[in-house]
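Here is the structure we will look at, set down as structure tokens.
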């Protein structure tokens, strides 16, 4: 059953989601609703022109920071200091680049202007964060997401030169004390870096732990 949200700030139990993870439609992208959603393992994902769709997958793609895989070639990239990395210095530029990056088998972007405005608001409120990767003072990669307790809920990443987004993810795993990096849904790139699938209930146990 797919739930229809109203103006009331409430979500159905995430365990009631459909097999594909779809839980509810409707509502808005207000700061309060987004924070409530993430605190319960729910995230928005929809295309331009569609109603807001809220997902709570039965299985979660995650990376345990101490298990992130760094290939031999990436170790050399990091050792050579090909990039410099910062955090929370160019959030808006990161999200704009993520929205503009073409995705395989995806027509357009789900990071609509409305989504960008919502997450920029979360950034200014201290909930959302970005990691920026620079080469010769030019932004060439990065990622953004939300921090909920000791979990970083990753939303998207981009790379305009090889290995820039990998550098951002590895930096996130190595330099910050997160218990878990939430990748939401699996893809080949993430799985090659050590991502794994865990049950939603196991994910929520980590997410809700203080």
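In the numbering used here, the protein residues as written are 9 to 218. We put the CB at the ideal spot given by N, CA and C, even for glycine.
{"query": "Could you check what DSSP says for residue 228 in three-state terms: helix, strand or coil?", "result": "This structure cannot settle anything about residue 228, because the visible part of the chain is limited to 9 through 218."}
{"query": "On the DSSP bridge assignment, give the partners of residue 152 in chain order.", "result": "138 and 164"}
{"query": "Here's the rule I'm using: 16 or more other beta-carbon atoms within 10 Å means buried, otherwise exposed. How should residue 192 be labelled?", "result": "buried"}
{"query": "Helix, strand or coil: which one does DSSP assign to residue 22?", "result": "helix"}
{"query": "Assign residue 9 to one of two classes, buried (16 or more other C-beta atoms within 10 Å of its C-beta) or exposed (fewer than that).", "result": "exposed"}
{"query": "Whose C-beta lies closer than 8 Å to the C-beta of residue 12 among residues of the same chain, with five residues either side of it excluded?", "result": "32, 33 and 34"}
{"query": "Assign residue 42 to buried or exposed, taking buried as 16 or more other Cβ atoms, counted over all protein chains shown, within 10 Å of its Cβ.", "result": "buried"}
{"query": "Starting from residue 68, follow the beta strand (DSSP E) in both directions and report where the run begins and ends.", "result": "67-71"}
{"query": "At the level of alpha carbons, what is the spacing between residue 125 and residue 14?", "result": "21 Å"}
{"query": "In the structure shown, what three-state DSSP assignment does residue 54 receive?", "result": "coil"}
{"query": "Determine contact between the region 142-158 and the region 80-93, defined as no fewer than three beta-carbon pairs at a distance below 8 Å.", "result": "yes"}
{"query": "Can the beta-carbon of residue 206 be found closer than 9 Å to that of residue 67?", "result": "yes"}
{"query": "With distances taken from CA atoms, which of 157, 64 and 72 is nearest residue 135?", "result": "157"}
{"query": "With a cut-off of 8 Å on the beta carbons, I'd call residue 132 and residue 152 a contact; round off their distance for me.", "result": "13 Å between Cβ atoms; not a contact."}
{"query": "Run the CB neighbour count on residue 164, radius 10 Å, all protein chains shown included, and call it buried at 16 or more, exposed below.", "result": "buried"}
{"query": "According to DSSP, simplified to helix, strand and coil, what is residue 76?", "result": "coil"}
{"query": "Just verifying my parser: in three-state terms, what is the DSSP assignment at residue 128?", "result": "helix"}
{"query": "What's the call for residue 183, buried or exposed, on a 16-neighbour Cβ count within 10 Å?", "result": "exposed"}
{"query": "For the alpha helix (DSSP H) that residue 210 lies in, which residues bound it at each end?", "result": "208-216"}
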